[in-house]
Structures are given as structure tokens and as C-alpha cells.
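Here's the structure, in C-alpha cells; my notes come after.
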Amino acid sequence: MTAQIIDGKALSAQLRTEVTQRAAALTAQGVQPGLAVILVGDSPASQVYVRNKVQACADVGFHSVLEKYDADLTETALLARIEALNNDPRIHGILVQLPLPAHIDDHKVIEAISPLKDVDGFHVASAGALMVGEVGFKACTPYGCMKMLESIGMKDLRGKHAVVIGRSNIVGKPMAMMLLAANATVTVCHSGTADLAAMTRQADVVVAAVGKRNVLTADMVKPGAVVIDVGMNRDDAGKLCGDVDYAGCREVAGFITPVPGGVGPMTITMLLVNTLEAAERTAAARQ
Ligand SMILES: Nc1nc2c(c(=O)[nH]1)N[C@@H](CN(C=O)c1ccc(C(=O)N[C@@H](CCC(=O)O)C(=O)O)cc1)CN2
Numbered sequence: 000m001t002a003q004i005i006d007g008k009a010l011s012a013q014l015r016t017e018v019t020q021r022a023a024a025l026t027a028q029g030v031q032p033g034l035a036v037i038l039v040g041d042s043p044a045s046q047v048y049v050r051n052k053v054q055a056c057a058d059v060g061f062h063s064v065l066e067k068y069d070a071d072l073t074e075t076a077l078l079a080r081i082e083a084l085n086n087d088p089r090i091h092g093i094l095v096q097l098p099l100p101a102h103i104d105d106h107k108v109i110e111a112i113s114p115l116k117d118v119d120g121f122h123v124a125s126a127g128a129l130m131v132g133e134v135g136f137k138a139c140t141p142y143g144c145m146k147m148l149e150s151i152g153m154k155d156l157r158g159k160h161a162v163v164i165g166r167s168n169i170v171g172k173p174m175a176m177m178l179l180a181a182n183a184t185v186t187v188c189h190s191g192t193a194d195l196a197a198m199t200r201q202a203d204v205v206v207a208a209v210g211k212r213n214v215l216t217a218d219m220v221k222p223g224a225v226v227i228d229v230g231m232n233r234d235d236a237g238k239l240c241g242d243v244d245y246a247g248c249r250e251v252a253g254f255i256t257p258v259p260g261g262v263g264p265m266t267i268t269m270l271l272v273n274t275l276e277a278a279e280r281t282a283a284a285r286q
């Protein structure tokens, strides 16, 4: 069996068309969705991501501001900027690009963002809302993975076993919560898991989110399973690759996401969706 590819770029394009239409309708009512992106430091990768986010905003008709600061920006100064953006009526979403320089406490920074503008979905209030099934912003990467599952007819995962490899606050844990909310039976595996392969071989859906190459190989995949690769690593030749042995797993899985062109583009698309929803909530509250 050769797996069908879940094309994150194509799905993103489809979703961005919908976002563009909804943004135009909202703008016509006097509320143009607005995103503030904050970058501290000069990491080349982060510079690319924030540039792509600002470009994505322009493409769908959002207003955006990019605030760039030197790596020696103080935590106090950053918190003051966030407070100003919390009170800016043109800004519906605030995003601080991670990672931050070591002298800044990222937890403190994320908690300073108003939960109403937390379009990354990283705030404790957003995580809590997801846990108890209340309205809140969903973390963009796992939200994108759920949309990818939906695109192949797997919106309701009743009777399915999903295995998440990785337990980060940004991907693994919210991913597990979203799969659970979709009625999957969920297992979370991590560095303390005794026999990872024994777990993944039982899975109908495997999400690999560790940040390490070849965490999932063909012998660990149940034939026909859905394999979602959240990893972003470099191989020995410097080429971008995921956590999954793509060539091997493709021969066993039913569906698979590539890297690049899979989950990555969906992360930015779901940021647009969250920002649009933040603006829509503001507009609804005005009426
Ligand atoms: N505040 C945040 N910081 C970070 C997040 C985040 O969601 N919010 N996620 C990552 C970086 N990231 C977005 O910020 C991101 C990473 C990768 C991609 C992407 O589209 N990747 C492409 C490949 C790009 C390349 O060639 O290098 C792909 O997979 O096809 C988008 C967004 C950490 N920080």
C-alpha cells in the first residue's frame, strides 16, 4: 500500500479562501481583523515565520503590525508592549514568536496576553477552555492537524485509537485534548514510554511531535493508519524533514502528511482562523 498524501498547502489554500470571504464581510461591517506579531531577537527561522504570518494576513485582507525588537529587550518592556496591544481596539490577536531569548520568561509573557486576543492558543485560559470544552482559542498546530483529519473524513474519531508522541504544552498536550474531544481513545507517549512501537502499532492515527528524526518508522505503523508528522528537523544533508521516516511509513500507512508541505502551512492558516474568530467575537459583542 502507498499512502495518500494529505496536502497541507492545498488544504490551507482552501481554508484561506473561506477566511478571505469572512474577513471581507467583517471589514464591510467596520471591523477589519487585526493581528500584532512580536519578534524579539534575530533568529533567521523566526524572521521567516513572522514574515510569512504578516504576508498571510495581507493575503486574506487582515490588518497586521510586526514589532521587531533586539535580543536585549527587557521582559518588563515586552510586558508593557503586550499591555498596550491588549488595549488596542484595532488589534484582535497578539502573537509573540517563540522561542524568546533566555532572559525572558515565556510563560509570564504568554500569560500577559489577554485570553480574548490569545490567537496562538497558548494561554493557560485557552488550554483550560480546551480541557473542559469551553470557548477558547485552540493552539494552531494541533488545530491544523484536526482540520487535516477532517479533510479525509475523520472528524469524528469514535472507535479510533490515536497515539500522540510528544507531550509539549504547545503541541502534544493540546493535540491529545482535541483528539479526545473528537471522541478518539487517546494514548500520549513520551520519553518515559517503555515500548513506543507496541503503542503505535495499535494506533489508527499517529501524531509525531517530538522534534527528532525517525521517531516513527514503517515497522511501528499499523497498515492503513493515518500518520501526521508535526516535526521540523534537518537531515544530514541539511534538508528539512519531519519526525517520521516518510519514505518507509508511506508504504504502510493509509494517509500521511509530508514535511515540508504538511502541518507547517496549516499552523499559519489556523492562526488566521483564530484571528478572524477573535475579530468576529469583538463585532458580535458590539451589537
Ligand atoms: N508564537 C509561536 N511561535 C512558534 C510557533 C507558533 O505556532 N506560535 N510555531 C513554530 C514556528 N512556526 C510558526 O510560528 C512555523 C513553523 C513552520 C511553518 C511551515 O510552514 N513550515 C514549512 C517549511 C518551512 C521551511 O521550508 O523552512 C512546512 O512545513 O512546509 C510554519 C510556522 C515555533 N514558534
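Residue numbering for the sequence shown follows numbering that gives the first Met the number 0, beginning at 0 and increasing consecutively.
Every residue gets a Cβ at the ideal spot worked out from N, C-alpha and C, and that includes glycine.
Secondary structure of residue i, DSSP reduced to three states
i      : result
VAL64  : strand
ALA284 : helix
HIS160 : strand
LEU38  : strand
GLY33  : strand
ALA207 : strand
GLY92  : strand
ASP119 : coil
THR216 : coil
GLN3   : strand
ILE151 : coil
ILE267 : helix
ARG233 : strand
THR256 : coil
ILE169 : coil
LEU99  : coil
VAL134 : coil
THR192 : coil
LEU239 : strand
ILE227 : strand
THR199 : helix
VAL47  : helix
VAL262 : helix
THR186 : strand
Beta-carbon contacts of residue i that lie in its chain and below 7 Å, excluding the five residues immediately before and after
i      : result
THR192 : MET198
LEU72  : VAL39
LEU239 : MET231, ARG233, VAL258, PRO259
MET174 : PRO141, CYS144, VAL163, VAL206, ALA208
Candidates the options: closest to residue i by CA position
i      : options                        : result
ALA252 : MET265, THR216, ALA126         : THR216
LEU97  : GLY223, LEU14, ALA44           : ALA44
GLN13  : LYS107, GLY143, VAL170, ASP218 : GLY143
ARG233 : VAL225, MET219, GLY223, VAL258 : VAL258
ILE103 : TYR68, PHE136, MET176, MET265  : TYR68
ARG114 : ALA138, GLN28, GLY210, GLN31   : Looking at the sequence provided, one finds Pro at residue 114 rather than Arg. Closest by alpha carbon: ALA138.
MET269 : ASP194, VAL118, ALA284         : VAL118
GLY120 : VAL64, GLU66, MET177, TYR245   : MET177
LYS146 : GLY7, GLN3, GLN286             : GLY7
SER167 : ALA126, GLU66, LEU179, ASP194  : ALA126
ARG285 : GLN3, LEU65, GLY29             : GLY29
GLY237 : ARG212, LYS221, GLY223         : ARG212
ILE112 : GLY158, LEU99, LEU84           : LEU84
ILE81  : ALA101, CYS56, ILE109          : ILE109
SER42  : VAL64, ALA101, THR266          : ALA101
TYR245 : VAL214, ILE267, ASP235, THR266 : VAL214
Beta-carbon contacts of residue i that lie in its chain and below 8 Å, excluding the five residues immediately before and after
i      : result
THR1   : ARG249, GLU250
VAL272 : LEU14, VAL18, TYR142
LEU148 : LYS154, LEU156, ALA181, VAL204, VAL225, ILE227
SER150 : ILE5, LEU10
GLN46  : LEU38
LEU25  : GLN31, PRO32, LEU275, ALA278, GLU279, ALA282
LEU94  : LEU34, ALA35, VAL36, ILE37, LYS52, VAL118, ASP119, LEU270
Same chain, Cβ closer than 6 Å to residue i, neighbours up to 5 away in sequence not counted
i      : result
GLY33  : HIS62, ARG89, ILE90, HIS91
GLY241 : ASP228, GLY230, VAL258
ALA196 : MET219
THR256 : ILE5, ILE227, ASP228, VAL262
ALA208 : GLY165, VAL170, GLY171, VAL229
VAL59  : ARG15, VAL18, THR19, ALA22, LEU271
HIS189 : ARG166
PRO264 : GLY7, LYS8, SER11
LEU179 : VAL185
ARG254 : The question names Arg, yet the displayed sequence has Phe at residue 254. Here the set comprises ALA2, GLN3, ILE5, ILE151, VAL225.
Self-check item: the segment 161-168 in contact with the segment 181-191 per 3-pair CB rule at 8 Å
Solution: yes
Self-check item: contact_flag[the segment 203-211, the segment 127-135] where n(CB pairs < 8 Å) is 3 or more
Solution: no
**Request:** Count the CB pairs spanning the segment 44-57 and the segment 75-85 that are closer than 8 Å, and state whether there are at least three.
**Result:** no
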